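There are 2 protein chains.
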Amino acid sequence: MAHRVVVVGAGFAGLQLVQNLKGSGCDITLIDQRNHHLFQPLLYQVATTLLATSEIAWPIRRLMRPRKDVTTLLATVDGVDRETREVLLRDGTRVPYDTLVLATGARHAYFGRDEWEADAPGLKTLEDATTIRRRLLLAFERAELTTDPAEREALLTFAIIGAGPTGVELAGIIAELAHRILPREFRRIDTDRARIMLIEAGPRILPAFSPNLSDYAAQSLQKVGVEVLTGKPVTQISDKGIVLGDEPIAARTVIWAAGVQASRAKDWLGGVEADRAGRVMVQPDLTLAGAPDIFVLGDTAHVESDGKPVPGVAPAAKQQGEYAAKLIRTRLEGKDAPAPFKYKHMGNLATIGRNSAVIEFGKFQMRGWLAWWIWGFAHIYFLIGTRSRIVVLLSWLWIFISGQNSARLITQKETLKDDV
Amino acid sequence: MAHRVVVVGAGFAGLQLVQNLKGSGCDITLIDQRNHHLFQPLLYQVATTLLATSEIAWPIRRLMRPRKDVTTLLATVDGVDRETREVLLRDGTRVPYDTLVLATGARHAYFGRDEWEADAPGLKTLEDATTIRRRLLLAFERAELTTDPAEREALLTFAIIGAGPTGVELAGIIAELAHRILPREFRRIDTDRARIMLIEAGPRILPAFSPNLSDYAAQSLQKVGVEVLTGKPVTQISDKGIVLGDEPIAARTVIWAAGVQASRAKDWLGGVEADRAGRVMVQPDLTLAGAPDIFVLGDTAHVESDGKPVPGVAPAAKQQGEYAAKLIRTRLEGKDAPAPFKYKHMGNLATIGRNSAVIEFGKFQMRGWLAWWIWGFAHIYFLIGTRSRIVVLLSWLWIFISGQNSARLITQKETLKDDV
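These protein sequence lines are chains A and B, in that order. The first sequence begins at 1 in full-length UniProt numbering and counts up by one. The second sequence begins at 1 in full-length UniProt numbering and counts up by one.
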C-alpha cells in the first residue's frame with residue numbers, strides 16, 4: 001500500500017509540500033476548512049478595494065485537478081489520534097495517516113484582550129478582508145448620511161493598530177482612498193478631512209527593517225496624509241473608538257495589525273511544547289520531538305535557524321514545505337536524512353500607498369516607485385496561473401491609468417442589518 | 001431653488017432616469033440600500049461560478065462621480081410622507097422631494113409559501129448569487145466527504161423550480177459544471193452522475209418563446225444532461241428535498257426561479273392599487289393616480305402598453321426611466337406632456353449552457369452557438385464601462401479556451417458553521 005500523507009492546511013507550506021511530493025508515489029489527502037488557497041501577501045489590497053476577492057484566491061480542488069494522487073477534502077479538523085494515527089474530522093470521520101503534516105497558519109491575536117476583536121478586526125482570511133472593506137466603505141457612507149458633527153468626525157477617523165508591513169500597507173492605501181479617490185464622489189462630506197492614524201507601541205514603524213527605511217516609510221506615509229504615532233500603546237478598544245495611553249479618540253473604524261497567534265494545531269496534538277504565540281516547538285528537521293511521523297510547518301510552528309526563530313512569512317513557509325517533502329522522500333527511498341532545515345532569508349518588502357515601497361535584502365536597500373514596481377512584479381510572479389497574473393496586472397494597470405480602485409462592493413448580508 | 005427629484009432604487013429604471021435628467025438643472029438624490037448597481041441579466045453566471053461578483057456590479061457612487069447634481073445615499077427607505085412630500089429613511093432622516101421616483105425592483109416570491117425560502121433560495125441580489133454558489137459547491141464537497149450512499153445521492157440531486165429564462169440558464173450551467181468541469185477534480189464521487197432537474201408546473205419551458213424554441217431548448221438541455229419535467233407542480237419543499245405531485249425526491253440543493261413579488265413600494269405609499277404580484281398600478285404616464293409628482297417604474301410598477309402588461313425585463317425598465325425623465329423635463333420647461341408610455345419589445349433571449357442560446361425578435365428566430373455569441377456581445381455592450389467589458393470578455397474567453405470556470409470561491413461566513 002502507498003505511504004499515506006495527510007496534509008492539514010492548503011497555505012504556502014502545505015501546497016509547496018504537496019507540489020514537491022509529486023511523483024513520490026504517496027497517497028496524499030489535503031484537508032482545509034476553506035475551499036481556496038489564499039495569497040495572503042496581497043490580502044490588504046482586497047481589504048482596501050484595490051483587488052477583488054477572486055483575484056487572489058484559487059479553489060484548492062482545481063489546483064489539484066491534475067494530481068490523481070491527491071484527494072482534497074473541505075472539512076474541519078477537530079483533533080489528532082496519535083495512537084491510531086488518524087486525523088479526526090468534525091463530522092466524525094477519521095482519516096488515517098502514515099505521515100501527518102500540520103500547516104494551518106495563524107490568526108490575529110489580541111494579547112489576552114479577545115473582546116477587542118469585534119471592534120478591531122484583523123486581516124488573515126478573505127472574510128476578514130471583506131469585513132474590513134465593508135467597514136471602511138460604510139464609514140464614509142454613514143458620514144455622508146449623518147447630521148451630527150461629532151458622529152461624522154468619529155466616522156471619518158480610522159485607526160490602524162500595529163505598524164509592521166500589514167499596518168503600513170493598510171494605512172497608506174486607506175489614506176489614498178480618503179484623500180485622492182473618494183473626495184469627488186461625496187457631496188456632503190469632505191473625505192479629504194478624514195483622519196488616518198497608524199499606531200505603534202514600539203519606537204518605530206517597520207521594526208524588521210533598518211532604521212533609515214523606517215524613517216523613509218514614516219515620511220512617505222505622512223506625505224499621503226497618515227498620522228504616524230510611535231511609542232503609543234493602545235490601552236482600550238470599544239465600539240466608540242480607542243484609548244491611546246490616557247487619551248480617548250473617537251474612531252468608528254479600528255483595524256488590528258498588531259499580533260498573531262498560531263492556529264489550534266497545538267491542542268490537537270495534546271501536551272506538546274509551544275511558544276507564547278501558540279506555535280508548536282519542532283525539531284531541526286521540522287518534526288515533533290518523539291514523533292518523526294508528524295511535521296508542523298509555517299506559521300503554526302516555532303522553528304529556529306541559525307539560532308533565531310524563523311519569521312512567519314510566505315517564503316519561510318514554502319521553504320519548510322520543500323524541506324519536509326524532501327525528508328519524506330529520503331525516508332521512503334531509505335536514504336540518509338538531509339541536513340537540518342536552514343532558513344534562507346529573501347529580504348523584507350513593504351509598500352506605502354500605491355506607488356512607493358521599501359525593499360531590503362541584506363545590505364541592499366531600495367525605496368520609492370521603482371521599489372514598488374519590483375515588489376509588484378515579484379508578487380505577480382508568485383501568483384498561481386496565467387489567468388491570475390493577467391487579471392491582477394490588469395487591475396493594477398487600470399488603477400495606475402484611471403486612478404480609480406475597482407473593487408468597492410459592499411456585499412455581506414450584515415450590510416443591510418447594520419445599515420443606519 | 002432647483003427642482004428636487006428623489007430617486008429610490010439604482011437599478012436599470014432609476015439609473016436611466018438619472019442619466020436622462022443630465023443637464024436638466026434638477027437637484028437629484030439617488031437612494032439605494034446597496035452600494036452597487038447590479039447587472040441582473042448576468043446574475044445567474046455569478047451563481048454558477050462563471051463570473052465573479054465584481055464583474056457585474058458597480059458602486060453607484062462611482063457611477064455618479066461626474067454628476068455634481070446627484071447626491072448618492074446608501075440608506076434604507078421606510079416610508080413616504082405624501083403630505084409633506086418627504087421620503088422617510090430608517091435612521092429617522094427625511095429627504096424632501098418635488099418629484100419622487102420609486103424604482104425598487106422585485107424579489108422572488110413563493111406564492112404564499114414563504115417558509116420555502118430557507119430551503120429554496122431565489123436569485124435577485126448579489127448575496128442571493130453567492131448563497132446559491134456556496135450551496136452548489138458545498139453539495140459536491142459534502143458528497144465527497146460522506147460515506148452514506150443515500151445522503152450522497154441527495155447531495156448530488158439539484159432541483160431548479162421554474163423554467164423561465166433564469167431557470168433554464170441555471171440548469172444548463174449546473175449540468176455542465178457537474179458533467180464536464182468537476183468530474184476530474186473529485187476522487188471519491190462521480191459528479192457525472194449528478195441529477196439536475198428543471199421543474200416547470202406549466203406545459204412547456206420558456207413559455208414566453210414560440211413552442212418550437214421551447215422544444216429546441218428542452219432538447220438542448222437534455223443533451224447536456226438536464227432532466228426537464230413539465231406539467232409537474234412542486235407541492236412541498238423542505239431541507240430534505242421536494243415533493244413533486246405526490247412523489248418525494250431527496251435533493252439537498254433546491255433553487256427557486258418560479259415567481260417574483262414587487263418590492264415594498266406599495267406599502268410606503270399607503271392605500272394605492274396594486275396587482276397580485278404587489279406591483280403598483282400606474283397611469284399611462286407612469287405616475288400614480290391623483291399624484292402626478294410620484295412615478296413608479298420597472299418591476300415595482302404594473303404598466304400596460306397596447307393593452308398588455310409590460311414584462312419585468314431590463315429593456316422595459318430602461319424605457320420607463322427614459323420616459324419619466326422626458327416627462328419631468330417637459331413639465332419643467334412648461335411644454336406639452338409626451339404621449340403615453342409605449343413599450344417597445346426588444347425580443348426574448350435565453351442561454352442554454354455555455355454555447356447555445358435561443359433568440360426571438362418578432363418573427364425572427366435564432367438558436368445554437370451563433371445565438372449564444374450574439375447574446376454574449378449584446379450583454380457586453382450593455383455592461384457599464386470599458387473595464388467591465390474587458391474583464392467579462394476575458395472571463396468568457398478564458399472559459400471558452402480553458403474549459404474552466406474561474407469564480408468558484410466559497411466565501412460567506414456561514415461556510416464554516418455549516419461545514420460538516
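Backbone N, C-alpha and C fix where the C-beta goes; we use that ideal spot for every residue, glycine too. In this text the structure is predicted, and so the values were computed from the model without any measurement.
Whole angstroms are fine: how far does the CA of arginine 367(B) sit from the CA of aspartate 246(B)? 36 Å
Just the C-alpha distance for glycine 298(B) and glycine 14(B), rounded to the nearest angstrom, thanks. Between glycine 298(B) and glycine 14(B), the C-alpha separation is close to 9 Å.
Does DSSP classify asparagine 212(A) as helix, strand or coil? helix
Taking residue 432(A) as part of the alpha helix (DSSP H), name the residues at either end of that continuous run. Beyond the ends of chain A as shown, which are 1 and 420, falls residue 432(A); an answer cannot be given.
Closer than 9 Å, CB to CB, is valine 8(A) near chain B or not? Taking a beta-carbon distance threshold of 9 Å, valine 8(A) does not count as an interface residue toward chain B.
Aspartate 410(B): contacting residues in chain A (beta-carbon distance under 9 Å): The sequence shown places isoleucine at residue 410(B), not aspartate. Simply Arg34, Asn35, His36, Pro59, Leu74.
Suppose only complete runs of 4+ residues qualify. What are the alpha helix (DSSP H) ranges in the stretch 231-294 of chain A, listed by chain order? 265-269
Quick check on arginine 65(B) - is its C-beta less than 9 Å from some C-beta in chain A? For arginine 65(B), the answer is yes, since a Cβ of chain A falls inside 9 Å of its Cβ.
Is glutamine 320(A) closer than 9 Å to alanine 289(A) when the C-beta atoms are compared? no
Have a look at the DSSP bridge pairing and note the partners of residue 437(B). Nothing about residue 437(B) can be read from this structure; chain B reaches only from 1 to 420.
Quick one: what does DSSP say histidine 3(A) is sitting in, helix, strand or coil? coil
Residues that leucine 93(A) contacts on chain B, provided the C-beta gap is smaller than 9 Å: The sequence given here places threonine at residue 93(A); leucine does not occur at that position. Simply Leu145, Thr146, Thr147, Val420.
If we define contact as Cβ-Cβ less than 9 Å, is serine 54(A) a contact residue for chain B? yes
Assigned secondary structure, threonine 415(A) (DSSP; H/G/I helix, E/B strand, else coil): For threonine 415(A), the predicted model reports a pLDDT of 39, less than 50, meaning its position is unreliable; a value from the coordinates is still stated below. Three-state result, threonine 415(A): helix.
Looking at the C-beta of leucine 89(B), does it have a partner C-beta in chain A at a distance below 9 Å? Yes, its Cβ sits closer than 9 Å to a Cβ of chain A.
Looking at chain B, which residues of the stretch 175-186 of chain A have a Cβ within less than 7 Å of any of its Cβ atoms? Arg184, Glu185
Going by the CB atoms, is the gap between leucine 123(B) and leucine 43(B) shorter than 9 Å? yes
For serine 402(B), decide whether its Cβ has a neighbour in chain A, counting only Cβ atoms nearer than 9 Å. For serine 402(B), the answer is yes, since a Cβ of chain A falls inside 9 Å of its Cβ.
On the premise that alanine 265(A) lies in contact with leucine 21(A), defined as a C-beta separation below 8 Å, what is that separation, rounded to the nearest angstrom? Their Cβ separation, rounded to whole angstroms, is 20 Å, which puts leucine 21(A) and alanine 265(A) out of contact at 8 Å.
Does arginine 408(B) pass the burial test, meaning 16 or more other C-beta atoms within 10 Å, or should it be called exposed? buried
Residues of chain A with a CB under 7 Å from the CB of leucine 137(B): which are they? Asn35
Give a yes or no on whether the C-beta atoms belonging to isoleucine 249(B) and threonine 48(B) are separated by under 9 Å. The answer is no: Cβ separation not under 9 Å.
Can you tell me the Cα-Cα spacing of arginine 94(A) and leucine 229(B), whole angstroms? 40 Å
Chain-ordered neighbours of tryptophan 398(B) on chain A, where CB pairs are closer than 7 Å: Arg387
Residue interval of the beta strand (DSSP E) (run including glycine 79(A)): 77-81
Using a Cβ cut-off of 9 Å (strictly closer), state whether arginine 276(B) contacts chain A. no
Taking the alpha carbon of glycine 162(B) as the reference point, which residue from Asn405(B), Glu144(B), Phe382(B), Ala201(B) has its own alpha carbon closest? Its Cα nearest to that of glycine 162(B), the residue Ala201(B) stands out among Asn405(B), Glu144(B), Phe382(B), Ala201(B).
Are the CB atoms of valine 130(A) and valine 46(A) nearer to each other than 9 Å? With the sequence shown as reference, residue 130(A) is identified as threonine, and valine is not the correct amino acid for it. In this structure, valine 46(A) lies closer than 9 Å to threonine 130(A) by Cβ.
Residue-chain proximity (arginine 152(A), chain B), Cβ-Cβ < 9 Å: no
Does the distance from the CB of phenylalanine 111(B) to the CB of lysine 318(B) come in under 9 Å? Not closer than 9 Å, so no.
Can you give the Cα-Cα distance for valine 420(A) and arginine 142(A), rounded to whole angstroms? Any reading at valine 420(A) is ruled out, since the residue's pLDDT is 24, under 50, leaving its predicted position unreliable.
Just to confirm my understanding: we take leucine 50(A), look at its own chain, exclude 5 residues before and 5 after, and list those with CB closer than 6 Å. What are they? Asn405
Tell me which residues share the same chain as tryptophan 268(B) and place their Cβ nearer than 7 Å to its Cβ, disregarding the 5 neighbours each side in the sequence. Scanning its chain for C-beta atoms nearer than 7 Å, with the 5 sequence neighbours on each side dropped, one finds around tryptophan 268(B) the residues Val77, Gly79, Val80, in chain order.
Determine the direct distance from the alpha carbon of arginine 4(A) to that of valine 282(A), and round the result to whole angstroms. C-alpha separation (whole angstroms): 21 Å.
Interface residues of chain A around alanine 118(B) at Cβ under 8 Å? In chain order: nothing, as chain A lies at least about 14 Å away.
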